[in-house]
Amino acid sequence: MDNNTPVIYNGKRYVILFKYTSGYCEIKEVGSLHHIELVHLSELTDVS
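Listed below in structure tokens is the structure:
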């Protein structure tokens, strides 16, 4: 998964903003300007 990849997290649609070498990434909820979360890649489902 790369930056701007659409993913599902906790049943909601997000987009990956930044991926860290540690396996964590910053994701932003689709349609939200300020809802950004730091989660591990193993918690995400790729929708592309």
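Mapping of the sequence shown onto this note's numbering: residues 17 to 64, in sequence order.
Ideal placement from N, C-alpha and C gives every residue a C-beta, glycine not left out.
Contact set for residue i: own chain, Cβ-Cβ below 8 Å, skip 5 residues either direction
i	result
Val-55	Tyr-25, Tyr-40, Cys-41, Ile-43
Leu-57	Met-17, Lys-35, Gly-39, Tyr-40, Cys-41
Alpha carbon of residue i to alpha carbon of residue j, nearest angstrom
i	j	result
Val-31	Thr-37	18 Å
Val-23	Val-63	5 Å
Glu-53	Asn-20	14 Å
Own chain, CB closer than 7 Å to residue i, minus 5 neighbours either side, in chain order
i	result
Val-46	Arg-29, Tyr-30, Val-31
Glu-59	Tyr-25
Close beta carbons around residue i, own chain, < 6 Å, minus the five adjacent residues each side
i	result
His-51	Glu-45
Item to complete: Go through the stretch 20 to 61 residue by residue and report every complete run of the beta strand (DSSP E) that reaches 3 residues or more, in order.
Response: DSSP runs (the beta strand (DSSP E)) wholly in the stretch 20 to 61: 22 to 25, 28 to 35, 40 to 45, 52 to 56.
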